[in-house]
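See below for the structure under consideration.
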Amino acid sequence: MKKHLTLSNIIFAVFIVALIIPQTRIALQVALNKVKVFVMSPSELSEEDQLQLQPFQYQLTTLDGTAININVGDDKVTFISYWATWCPPCIAEMPSIVQLHEDYGTRVNFLLLTNEKPEKVKSFLSKKGYSLPIYRPAMNSPKELQLRSIPTNYIIDKTGKIIIKEIGAANWNSNKIRQILDENLQ
Numbered sequence: 054m055k056k057h058l059t060l061s062n063i064i065f066a067v068f069i070v071a072l073i074i075p076q077t078r079i080a081l082q083v084a085l086n087k088v089k090v091f092v093m094s095p096s097e098l099s100e101e102d103q104l105q106l107q108p109f110q111y112q113l114t115t116l117d118g119t120a121i122n123i124n125v126g127d128d129k130v131t132f133i134s135y136w137a138t139w140c141p142p143c144i145a146e147m148p149s150i151v152q153l154h155e156d157y158g159t160r161v162n163f164l165l166l167t168n169e170k171p172e173k174v175k176s177f178l179s180k181k182g183y184s185l186p187i188y189r190p191a192m193n194s195p196k197e198l199q200l201r202s203i204p205t206n207y208i209i210d211k212t213g214k215i216i217i218k219e220i221g222a223a224n225w226n227s228n229k230i231r232q233i234l235d236e237n238l239q
């Protein structure tokens with residue numbers, strides 16, 4: 054019993070030290086968030102919690118500096134993710150977003166939004182081998198999409214109704230999400 058207690062104390066101490074050291078902190082946080090992503094799949098909001106957006110054009114800038122407008126709530130399902138390269142939960146859920154984007158392509162508007170410098174984002178994408186539509190907002194988000202933490206992700210149906218809102222890391226490549234998207238793409 055005493056040997057077991059000592060071993061658990063050592064493991065706990067190593068864990069705490071790993072959280073304190075900056076070089077290991079992010080890697081450990083990403084790993085813990087990956088466990089959450091593995092088990093956490095977002096759910097559709099109840100009918101009374103679904104907010105209706107007026108269709109609008111999201112004014113965005115590509116990582117190369119090109120200004121573009123993308124229609125939201127205008128006959129196309131939209132996936133919006135507010136994220137950052139330094140955010141452990143964002144990093145943890147990114148592989149599931151990449152897979153979802155690869156499978157649904159242009160059938161869904163994928164808007165991954167960040168306020169970081171384009172060079173930093175391009176470096177992150179290159180290092181991870183991701184090919185995603187990343188933009189910088191060139192306007193204030195509608196009040197229904199304003200957030201206080203990242204990652205915050207939304208799925209908006211063809212009519213502009215927010216059917217999913219998820220704060221924190223989640224598995225966006227789950228069967229449940231795919232079923233919701235498939236139903237809304239019909």
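Those letters in the sequence shown? Residues 54 to 239, per our numbering, in order.
Cβ coordinates follow ideal geometry from the N, Cα and C atoms, glycine included.
I need the straight-line Cα distance from Gly213 to Gln199, nearest angstrom please.
The residue labelled residue 213 in the question sits at position 160 within the sequence shown. The residue labelled residue 199 in the question sits at position 146 within the sequence shown. Straight-line spacing of the CA atoms in Gly213 and Gln199 works out to 15 angstroms.
Figure out for me which residue from Ala223, Lys196, Lys229 and Ile233 has the closest Cα to the Cα of Ile144.
By 1-based counting over the sequence shown, the position of residue 144 is 91. It is Ala223 whose Cα lies nearest to the Cα of Ile144.
Beta strand (DSSP E) runs contained entirely in the segment 164-210, provided each spans 3 or more residues:
The qualifying runs are 187-190 and 205-209.
For Ile133, which residues from the same chain have a beta carbon less than 6 angstroms from its beta carbon, with the 5 sequence-adjacent residues on both sides left out?
To locate residue 133, count along the sequence shown from 1; it is residue 80. Cβ neighbours of Ile133 beyond the five flanking positions: Leu164 and Tyr207.
Of all the options Ile217, Met147 and Ile121, which has the alpha carbon lying nearest to the alpha carbon of Glu101?
The residue you call residue 101 lines up with position 48 of the sequence shown. Checking every option, the nearest Cα to that of Glu101 belongs to Ile217.
Residue nearest to Ile121 in terms of C-alpha spacing, selected from Tyr188, Ile230 and Arg201:
Here residue 121 corresponds to residue number 68 of the sequence shown, with the count starting at 1. For the set Tyr188, Ile230 and Arg201, the Cα lying nearest the Cα of Ile121 is the one of Tyr188.
Between Ser99 and Ser227, how many whole angstroms is the CB-CB distance? I'm expecting something under 8 angstroms.
Counting from 1 along the sequence shown, the entry for residue 99 is found at position 46. Counting from 1 along the sequence shown, the entry for residue 227 is found at position 174. Contact between Ser99 and Ser227 does not hold, since their C-beta atoms are separated by about 19 angstroms, which reaches or exceeds 8 angstroms.
Could you give the first and the last residue of the continuous beta strand (DSSP E) run that contains Glu219?
Here residue 219 refers to the residue found at position 166 of the sequence shown. Secondary structure note for Glu219: its beta strand (DSSP E) is the uninterrupted segment Ile215 to Ile220.
Give me the residue from Val125, Lys173, Asp235 and Ser96 with the minimum Cα distance to Leu153.
If you number the sequence shown from 1, residue 153 lands on position 100. Out of Val125, Lys173, Asp235 and Ser96, the CA that lies nearest to the CA of Leu153 is found in Asp235.
Measure how close the beta-carbons of Glu197 and Leu106 come, nearest whole angstrom, since I'm counting them as under 8 angstroms.
The residue labelled residue 197 in the question sits at position 144 within the sequence shown. The residue labelled residue 106 in the question sits at position 53 within the sequence shown. With a contact defined as Cβ atoms closer than 8 angstroms, Glu197 and Leu106 qualify at about 6 angstroms.
Between which two residues does the alpha helix (DSSP H) containing Asn226 stretch?
Translated into positions along the sequence shown, residue 226 becomes position 173. Looking at the DSSP string, Asn226 is not in any alpha helix (DSSP H), and its letter there is neither H nor E.
Would you mind reading off the limits of the alpha helix (DSSP H) that contains Gln152?
Within the sequence shown, the letter at position 99 stands for residue 152. Gln152 -> alpha helix (DSSP H) spans Pro141 to Tyr157.
Taking C-alpha atoms, which residue in Thr205, Phe65, Val130 and Pro171 lies nearest to Arg231?
Mapped onto the sequence shown, residue 231 falls at position 178. Closest in C-alpha terms to Arg231, from the list Thr205, Phe65, Val130 and Pro171, comes Val130.
Per-residue burial, Glu146 [other beta carbons within 10 Å of its own, 16 or more giving buried]:
Mapped onto the sequence shown, residue 146 falls at position 93. Buried is the label assigned to Glu146, since at least 16 other Cβ atoms lie within 10 Å of its Cβ.
Where Gly118 falls, given that 16 or more other Cβ within 10 Å makes a residue buried
Position 65 of the sequence shown, counted from the first residue, corresponds to residue 118. By the 10 Å Cβ count, Gly118 comes out exposed.
To the nearest whole angstrom, what separates the beta carbons of Ala191 and Leu116, a pair I think is in contact under 8 angstroms?
Sequence index remark: in the sequence shown, residue 191 carries index 138 (1-based). Sequence index remark: in the sequence shown, residue 116 carries index 63 (1-based). Their Cβ separation, rounded to whole angstroms, is 13 angstroms, which puts Ala191 and Leu116 out of contact at 8 angstroms.
Helix or strand or just coil, what does DSSP make of Ser94?
The residue you call residue 94 lines up with position 41 of the sequence shown. Three-state result, Ser94: coil.
So, using beta-carbon positions, are Ala137 and Thr159 closer together than 9 angstroms?
Numbered from its first residue, the sequence shown carries residue 137 at position 84. Numbered from its first residue, the sequence shown carries residue 159 at position 106. No.
I think Pro7 touches Gly221, with their Cβ atoms under 8 angstroms apart; what is that distance to the nearest whole Å?
Look at the range of the chain in this structure, 54 to 239, and you will see that residue 7 is not part of it.
Just reading off the beta strand (DSSP E) that Thr131 is part of, what are its end residues?
What you label residue 131 is simply residue 78 of the sequence shown in a count that begins at 1. Here the beta strand (DSSP E) through Thr131 covers Thr131 to Tyr135.
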